[in-house]
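Residue 106 is where the sequence shown starts when you use this note's numbering, and the numbers rise one by one after that.
Shown next, in structure tokens, is the structure this report addresses.
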Amino acid sequence: MRVLVAGATGVLGRRLVRHLSDGGHEAIGLTRDERGDGIIRELGGTPIRANLFDADEITSQIDSTDAIIHAATAIPKKQRPSGKDWEVNDRIRIRGVESLVEVARRTGAQHLIFQSIVWVARPDDQSPFDESAPLNPDSVTQSAATAERIATNASGEYGFTTTVIRGGWFYAPDAHHTLSFGDALRKRMLPVIGDGEARWSILHVDDAASAYAAAVEQRPEGIFHVVDDEPVKVGEFFRHFAERQGAKPPRSIPVWLARLLAGSFSTEFATTSFVTNANRFKETTGWRPAYPTFREGLDQVIDTWVSEGRL
Ligand SMILES: NC(=O)c1ccc[n+]([C@@H]2O[C@H](COP(=O)([O-])OP(=O)(O)OC[C@H]3O[C@@H](n4cnc5c(N)ncnc54)[C@H](OP(=O)(O)O)[C@@H]3O)[C@@H](O)[C@H]2O)c1
């Protein structure tokens, strides 16, 4: 299959290009610069130099596709992102999906896959939820909810299948947040906020990529949660992460202090549970995570860092 990947040079996209080309598909990766061209070629894909927002620029270089994946992001990397920082990400979600719907229409794609996040449907009472839960976005996740709706409506309008994959919280040896959290834990500068009892459904990015590859091949219709098998308490994750790096356990700080130091967005995120499962995706596609819990996943992160000389 001929698969256009937007976000091909990102932490998820790089794995996707490799998965798809290893699986015998033609992976066309979108990038905006020469550095991206090299990354995509090295992974076995073919680069297209274009801006996500410019459907004309994209379709002037590719006239047919079977599937299109939106895996582009601009999740702010700052500790205290501003509203302006999130606006860029909002635009990538909303304008990005509108542009890719147009590319799908013009290139005859039969399948559009949009990357969303499970916490867009996190209930206010923080109880476990699944794909049947109503959307419950906040100011940061509203754009994911809007983009999900655009992608889903377009499938009815233009006759292609839309798959929305809502991922758990990503971690991987090369993911920006994993690298910065690992570094801060080694310096004992990343505290556990409050009691650390909030639970997250998380996902190693290798498993996210294998889920997208399964979705490309099986074209399941609808919304799917893709997470590992064991929601983890935030405090337990960071204590284990510190211990595996040979660091002292992280300190604990009260919520009010965290709000002052890290801002309200990071503090709310760290102290709010989102607990879900991937049962629907597993039953539909047969997909299983290679890293079923954070323990195996963090082992892989640490092994990779040791082999790279980072630890
Ligand atoms: N579920 C989750 O927890 C979740 C989901 C998504 C992301 N994240 C996190 O967010 C962080 C960033 O992810 P990442 O590493 O993939 O991001 P990244 O390295 O910044 O890559 C972003 C990708 O989006 C592309 N892109 C951005 N704007 C574009 C535009 N206007 N036109 C075309 N392409 C555009 C970039 O392409 P270029 O080659 O043109 O730069 C790049 O491929 C990571 O820490 C990741 O773990 C988490």
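The C-beta atom is built at its ideal place from N, Cα and C for all residues, glycine as well.
None of these values were measured; they are calculated from a predicted model.
Around the C-beta of G402, 16 or more other C-beta atoms lie within 10 Å, and the residue is accordingly described as buried. Within the same chain, L135, E162, I163 and Q166 come within 7 Å of A155 by CB-CB distance, once the 5 residues on both sides are set aside. Pairwise C-beta distances place the segment 251–268 out of contact with the segment 302–314, as fewer than three of them are shorter than 8 Å.
Within 7 Å of the C-beta of I197 there is at least one heavy atom belonging to ligand 1. In terms of Cα proximity to F219, the closest of V360, A289, T381 and T251 is T251.
Considered as a whole, the segment 255–306 harbours 266–272 and 274–276 as its complete beta strand (DSSP E) runs of no fewer than 3 residues, in chain order. The nearest non-hydrogen atom of ligand 1 is 7 Å or more from the C-beta of F286. Within the segment 148–207, the complete beta strand (DSSP E) segments of 3 residues or longer fall at 151–154 and 172–175, listed in chain order. The segment 315–332 makes contact with the segment 386–396; the number of CB pairs closer than 8 Å reaches 3 or more.
F374 and D404 have their alpha carbons spaced roughly 24 Å apart. Distance from the CA atom of V122 to the CA atom of L148, rounded to whole angstroms, is 6 Å.
Three or more Cβ pairs closer than 8 Å define a contact, and the segment 285–298 meets that threshold against the segment 346–361. In the three-state reduction of the DSSP assignment, T398 falls in the coil class. DSSP links A132 through a beta bridge to V108.
Between R271 and I222 a beta carbon distance of about 6 Å is seen, short of the 8 Å cut, so the two are scored as contacting.
When the five nearest sequence neighbours on each side are left out, the beta carbons in the same chain lying within less than 7 Å of the beta carbon of E236 are those of I328, F329, H330 and R385, in order along the chain. Taking non-hydrogen atoms of ligand 1 into account, the C-beta of H282 is found less than 7 Å away from one of them. Relative to the Cα of S248, the nearest Cα in the group L365, S169, E341 and T178 belongs to T178. Each residue's CA atom was taken as its position, placing G273 and V245 some 16 Å apart.
CA-CA distance, H175 to D190, rounds to 20 Å.
The secondary-structure analysis by DSSP pairs K338 across a beta bridge with R304.
At least one heavy atom of ligand 1 sits closer than 7 Å to the Cβ of A179.
Here L362 carries a helix assignment [DSSP, helix/strand/coil]. Under the three-state reduction of DSSP, Q220 is assigned to strand. The nearest non-hydrogen atom of ligand 1 is less than 7 Å from the C-beta of F158. Placement of the Cβ of F386 at a distance of 7 Å or more from every heavy atom of ligand 1 is found. Separation of the CB atoms of E207 and A160 is rounded to 4 Å, and the pair is thereby assigned contact status at 8 Å. Excluding sequence positions up to five before and after T114, its CB lies within less than 8 Å of the CB of G134, T136, R140, G141, I144 and I145, all in the same chain and listed in chain order.
A direct Cα-to-Cα measurement between G301 and H345 gives close to 13 Å. Here S237 carries a coil assignment [DSSP, helix/strand/coil].
Looking only at G112, D195 and V110, the smallest Cα-Cα distance to D243 is reached by D195. The continuous beta strand (DSSP E) containing G327 extends over residues G327 to V331. DSSP places Q323 in the uninterrupted alpha helix (DSSP H) bounded by V310 to Q323.
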